[in-house]
Every structure is written in structure tokens, then in C-alpha cells.
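Okay, so here's the structure we're looking at.
Numbering (UniProt numbering), first residue to last: 1 to 308.
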């Protein structure tokens with residue numbers, strides 16, 4: 001079980017814990033918040049982003065920059081990446097990875113307060129986690145309630161398509177994604193039937209609901225802020241951040257907010273990643289421990305302890 005390296009960060013009031021002892025401590029926590037990144041999904045075939053061979057390394061970070069999408073090449077490469085993520089997520093097993101299996105086990109055990117994901121692959125839905133989705137007036141049966149939400153998509157969801165004008169939402173299908181990726185996105189049926197919604201102009205088109213840098217915020221950004229407030233008030237006793245290098249400022253801010261709430265209750269904040277990010281030790285005021293190594297191995301080990 002000692003295949004990961006535990007680093008104690010200097011500010012921590014908790015004594016150093018060897019790997020197994022740390023896992024035993026984590027197993028006893030009852031109000032757990034989890035923040036995840038692309039590193040939990042790569043084992044399911046989803047492309048990584050910031051690794052040496054990742055999407056951003058190959059295509060550049062501008063791939064998800066709204067201001068760069070006027071360049072046909074950037075737009076085409078973006079569509080290729082999103083299409084791959086969609087189809088890889090469709091064929092994923094259940095659970096897609098041990099990390100997703102851990103989420104399901106924690107949910108079943110009643111210890112998962114909520115999971116926040118930067119990922120757009122929606123693999124969490126394979127193990128039963130539920131995110132909030134705005135209702136669809138087309139009658140497609142999308143959820144219109146926040147009841148029972150234990151998953152928050154911070155950057156959108158490839159399994160949801162949204163109209164560019166009237167903001168109608170539809171579930172993604174193979175045909176919708178393929179049409180969009182080929183440069184022939186489906187026109188919004190609602191705009192076609194009710195032209196006033198698009199300002200009597202041409203109807204809007206459907207595209208995956210994904211947040212781009214410099215683009216429009218998610219329609220449910222206010223709800224995300226509310227969930228963060230709710231989770232702070234619930235008094236979490238553990239925050240696990242895993243599979244992410246935490247390069248995005250808004251995610252850093254969210255993690256810092258959660259860490260304050262966890263430390264007020266005497267809990268632990270743990271960061272798990274395959275490599276120490278350049279900013280890990282500059283965040284010693286946020287984290288108690290950095291676990292360096294394979295995220296999936298960590299999740300397998302913790303899951304086994306929880307169910308034993």
C-alpha cells in the first residue's frame with residue numbers, strides 16, 4: 001500500500017502521517033468535499049490537458065479561449081478534442097476509473113458532501129452522481145431541480161447542448177455532436193418555431209455547454225456560488241483535491257474557501273496528484289498533505305478501506 005509519497009506541508013497542525021495512517025484518518029471523515037481535474041479521467045481514455053503530451057501542450061492553451069475561435073484551425077482542433085471527449089465518455093465502463101468508483105462508494109456510505117469537477121466528460125454520471133441541469137422546454141426531460149445534487153460541473157458538460165440564442169438545452173447525442181464537430185451544427189427547433197426568441201433573425205444553433213476562457217459564464221454560475229456557501233456552512237471535515245495541477249484561479253479560490261471551513265472544524269485538506277505542481281508548496285497555508293503518485297492507486301486504497 002506504500003506506493004505513494006506523503007509530503008506534509010509546513011503549516012499543518014496535524015502530525016505527519018505515513019500513507020496508510022493518512023488513509024485511515026481519511027476513512028473516518030463524514031462530510032467530505034472533493035475537487036477533481038482531468039487526472040481522474042485519463043485512465044478512461046479522456047485526453048489530459050497539461051501533461052507533456054496533453055491537449056494544451058499539443059494545441060496550445062488558446063484552444064479553450066473564446067477569443068481565439070475566430071481562427072478556423074483553432075476552432076477545428078477544439079471540435080476534434082470535444083468530440084473525442086464525448087465519444088470516449090460514452091463508451092466508458094462503470095465505474096470509468098477507480099477515482100469515479102471512490103466517489104460512488106463515498107456517496108453510498110453517506111460521507112460525500114459534494115463533488116466539484118473541472119472536467120467536462122461527465123463520467124461521474126456513470127456512477128450515479130447527479131448534477132443540476134436547467135430544464136428543457138422541448139420536453140426532453142432534463143432535470144429542473146437542485147434537489148439531490150451531489151455533483152457540480154465547474155466548466156460545463158459535454159453531454160449538454162445549448163442554443164446560441166434562446167439558451168434552450170438538449171441532451172447531447174451522437175448525431176448532434178458529430179454535426180456540430182463537422183461544422184454543421186443543428187439549428188435550434190425552438191428558435192425555428194418561435195422566431196421572436198432569436199430576434200427574428202436566423203435561428204440559434206446547438207453546441208456543447210462548455211466554458212471557454214474569456215467567454216460567457218455558465219447560466220448556473222449563481223447556483224454554483226450558492227452551493228459553495230451551503231457546503232461551507234455544513235462544516236466539512238475533509239477536502240480532497242485530486243487529479244489537477246490547480247492552474248485555474250477560480251478553482252484555487254474555491255479550494256481556499258473550502259480549506260478554511262475544513263480547518264475551522266479541525267479537518268484535513270489533502271492534494272493528490274501524480275506530480276508536484278509548481279505551486280504546491282506555495283500553498284502550504286491551504287493544504288495539510290500532498291500525496292504524490294498515481295491518483296487511481298490512492299483511490300483504490302482508500303475505497304478498499306472504506307468498504308472493509
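Every residue, glycine too, gets a C-beta built ideally from N, C-alpha and C. Bear in mind the structure is a predicted one, so any value in this text is a computation, not a measurement.
Residue ranges of uninterrupted beta strand (DSSP E) with 3 or more members, entirely inside the segment 25-58 and ordered along the chain, are 32-36. With respect to residue 123, residue 44 sits close: the two C-beta atoms are nearer than 8 Å. According to the DSSP assignment, residue 305 belongs to no beta strand (DSSP E) but to the alpha helix (DSSP H) extending over 295-307. Using a C-beta cut-off of 8 Å, the segment 15-24 makes no contact with the segment 224-240, since fewer than three inter-stretch Cβ pairs fall below that distance.
Taken atom to atom, the span from the alpha-carbon of residue 237 to that of residue 256 is near 14 Å. Between residue 121 and residue 46, the CB-CB gap stays under 8 Å. Ranked by Cα distance from residue 156, the first of 294, 85, 305 is 85.
Residue 263 and residue 295 have their alpha carbons spaced roughly 23 Å apart. When C-alpha distances from residue 184 are compared across 168, 167, 206, 48, the shortest belongs to 206. For residue 260, the closest of 6, 3, 33, 19 by C-alpha to C-alpha distance is 33. In terms of Cβ geometry, residue 163 and residue 191 form a close pair [threshold 8 Å].
Considering only 243, 269, 73, the residue with the shortest C-alpha distance to residue 51 is 243. Under the 8 Å Cβ criterion, the segment 74-90 counts as touching the segment 169-185, having at least three qualifying pairs. Taking a contact as a CB-CB distance under 8 Å, the pair residue 151 and residue 130 counts as one, their CB atoms being some 6 Å apart.
Buried is the label assigned to residue 98, since at least 16 other Cβ atoms lie within 10 Å of its Cβ. Restricted to the segment 203-274, the beta strand (DSSP E) segments that are unbroken, complete and at least 3 residues in length are 206-210, 238-242, 268-273, listed in chain order. The residues 241, 287, 290, in chain order, have a CB closer than 6 Å to that of residue 271 in the same chain once the five nearest residues on each side in sequence are set aside.
When rounded, the separation of the alpha-carbon atoms in residue 29 and residue 273 is 20 Å. Short of 7 Å from the beta carbon of residue 77, and not among the five residues preceding or following it, lie these beta carbons of its own chain, in chain order: 59, 63. The C-beta distance from residue 126 to residue 100 rounds to 7 Å, short enough to fall under 8 Å. Your pair residue 226 and residue 160 does not check out as a contact, with CB atoms roughly 20 Å apart and the cut at 8 Å. Per DSSP, the continuous beta strand (DSSP E) segment holding residue 290 begins and ends at 289-292.
Here residue 180 carries a helix assignment [DSSP, helix/strand/coil]. A residue is called buried when at least 16 other Cβ atoms come within 10 angstroms of its Cβ; residue 73 does not meet this threshold and is exposed. Excluding sequence positions up to five before and after residue 94, its CB lies within less than 8 Å of the CB of 126, 127, all in the same chain and listed in chain order. Under the DSSP definition of a beta bridge, residue 175 lacks any partner. By the 16-neighbour rule on beta-carbons within 10 angstroms, residue 41 is buried. Classified as exposed, residue 249 has fewer than 16 neighbouring CB atoms from the shown chains inside 10 Å of its CB.
By alpha-carbon distance to residue 113, the top candidate from 165, 119, 149, 182 is 149. Within the same chain, Cβ atoms closer than 8 Å to the Cβ of residue 181 are found at 79, 80, 82, 83, the five residues on either side in sequence being excluded.
Exposed is the label assigned to residue 5, since fewer than 16 other Cβ atoms lie within 10 Å of its Cβ.
Residue 11 carries a coil assignment under DSSP once its states are collapsed to helix, strand and coil.
Counting C-beta atoms within 10 angstroms of its own C-beta, residue 24 has fewer than 16 neighbours from the protein chains shown and is therefore classed as exposed.
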